[in-house]
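The structure under discussion appears below in the form of structure tokens.
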Amino acid sequence: MHDGRSIPRVIQLHTMGSASRVAIVGVGEVGGAVAYNLALNSIPGELLLVDLDLNLRNAQIEDLSDVIYSTNSSTRVRPATYREAAQSDLVVITAASKHTLGKRPSILVFATDLWFFQGQTTVDYTSRNTSMIREVMEAMKPFRPDTVLLVVANPVDLLTSLAKDMAGLPPSQVIGTGTTLDTYRLRGMVASRALVSPSAVDAFVVGRHGEDQVVTWSSASIGAVPNADVQMFNALDRNRIELICKRRSQSIIRGKGSAPFGIASVAANLCCSVILDKRAVYPVSHFQEQYGCCLSMPAVIGRKGILSSVPLSLDAGEEVAVKASGKLVKESVESIQRDWCTIHHKYGCM
């Protein structure tokens, strides 16, 4: 019972949300959808939008203002500079190279999941987006010491690792969306086959988001019953489910040109967990000391970013796969940083 001497947590959470500031860097399809989710639910007191395309940014502000007026949202939305964004409680980075079907992509539009189509190579995509993260980070620094960064752009583990090294913030304050959306997809597919709610399925996708991501079948359960004791698990076509998890965004993009809603919803959920200090568990990309880079593993997310990692039991095959992913990300980070040191002396060595 409340004794009058302490503030009830529900009031604390409301106060934290109303006084908070969230900045979104890159307000195209994904960034705009994140902003819509946040404004609709009055999560931050102030929402700052940053984009190189000022016409796009201003149009998004006008559109979001209509949302605020029509829903009585308490969120205030306004334009901001990179330096202003860096003084926010939370900075969401969605700016990235867009994936287009059958065309060369534009240089600075906005992120969806990682798929490569005709005219766009892995090297093209990675080069553009690593350059983007460097430019964005340099434009924003220095950050407020307690700012939390959320990287939504892909390749998310690589960009989160680079952002961590450039931000000058504690590693726990730099997060990537990682395999959170993949985990929701996995749970949804298992639930539909088991005829239960997705919330009854406890299973994670971990490691490096994309083709190398790992489903933790060994520790999966339904209603707290281990998979070894659930007959349905034995009948699942696990390889097919894993493939669908990896390729769902490709299917969506082929049908409608982009896939912003799912990842924007995930990003908004993570924003809520940070701003409201909800301490929810998500498989986000964050620094893994044993691998020397950022990979997705379950973690408790709160106002200070990663509050703690959640131990996850992996079998031998899963452990090997995650370790291999970590090696690839770490090597990519080191290669990019060497190139930056050689070509761009003004940035210094990472």
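Taken in order, the sequence shown gives residues 1 to 350; the numbers are from full-length UniProt numbering.
Glycine included, every Cβ here is placed at the ideal spot set by N, Cα and C.
Given the structure is predicted, the values throughout are model-derived calculations rather than measurements.
Buried or exposed for ALA59, please, with buried defined as at least 16 other CB atoms from any protein chain shown within 10 angstroms of its CB.
-> exposed
GLY262, DSSP secondary structure in three states = helix
With distances taken between CB atoms, is the gap from LEU49 to VAL22 smaller than 7 Å?
-> no
Candidates GLY255, LYS256 and LEU312, of which the one nearest VAL281 by Cα = LEU312
So, using beta-carbon positions, are HIS209 and VAL156 closer together than 7 Å?
-> yes
Tell me, please, which residues DSSP counts as bridged to SER308.
-> VAL300
With a CB to CB cut of under 8 Å and the five nearest residues on each side skipped, what residues in its chain are close to ILE61?
-> LEU49, VAL77, ARG78 and PRO79
Which residues in the same chain as ILE68 place their Cβ atom closer than 7 Å to its Cβ, once the five residues preceding and following it in sequence are excluded?
-> ALA39, THR75 and VAL77
Alpha carbon to alpha carbon, what distance is there between VAL152 and LEU54?
-> 21 Å
Label VAL109 either buried or exposed according to how many other C-beta atoms from any shown protein chain fall within 10 Å of its C-beta, with 16 as the threshold for buried.
-> Below a pLDDT of 50, predicted positions are generally treated as unreliable, and VAL109, at 32, falls in that range; the measurement from the model is reported next regardless. The residue is buried, with at least 16 neighbouring Cβ atoms inside 10 Å.
Can at least three beta-carbon pairs, one atom from the segment 191-200 and one from the segment 321-337, be found at a separation below 8 Å?
-> no
The alpha helix (DSSP H) enclosing ALA23, as first and last residue numbers = Careful: ALA23 lies outside any alpha helix (DSSP H), inside the beta strand (DSSP E) at 21-25.
Measure the CB-CB distance between ALA203 and LEU186 and report whether it falls below 7 Å.
-> yes
Would you decide whether LEU243 is buried or exposed? Buried here means 16 or more other CB atoms lie within 10 Å of its CB.
-> exposed
Is the distance from the Cβ of SER249 to the Cβ of ALA259 below 7 Å?
-> yes
Give me the Cα-Cα distance between VAL30 and VAL320, rounded to the nearest whole angstrom.
-> 33 Å
Taking Cβ positions, are residue 366 and ALA139 nearer each other than 7 Å?
-> Absent from the structure is residue 366, since the part of the chain shown begins at 1 and ends at 350.
Quick one: any contact between the segment 133-149 and the segment 168-183, if contact means 3 or more CB pairs under 8 Å?
-> yes
Could you give the DSSP three-state label for CYS341: helix, strand or coil?
-> helix
Under the assumption that ALA96 contacts ASN72 (Cβ atoms under 8 Å), give the Cβ distance between them as a whole number of angstroms.
-> Their Cβ separation, rounded to whole angstroms, is 33 Å, which puts ALA96 and ASN72 out of contact at 8 Å.
Taking buried to mean at least 16 other C-beta atoms within 10 Å of its own C-beta, is GLU331 buried or exposed?
-> exposed
Could you give the C-beta distance for LYS164 and PHE287, rounded to a whole number, given that I count them as a contact under 8 Å?
-> 6 Å
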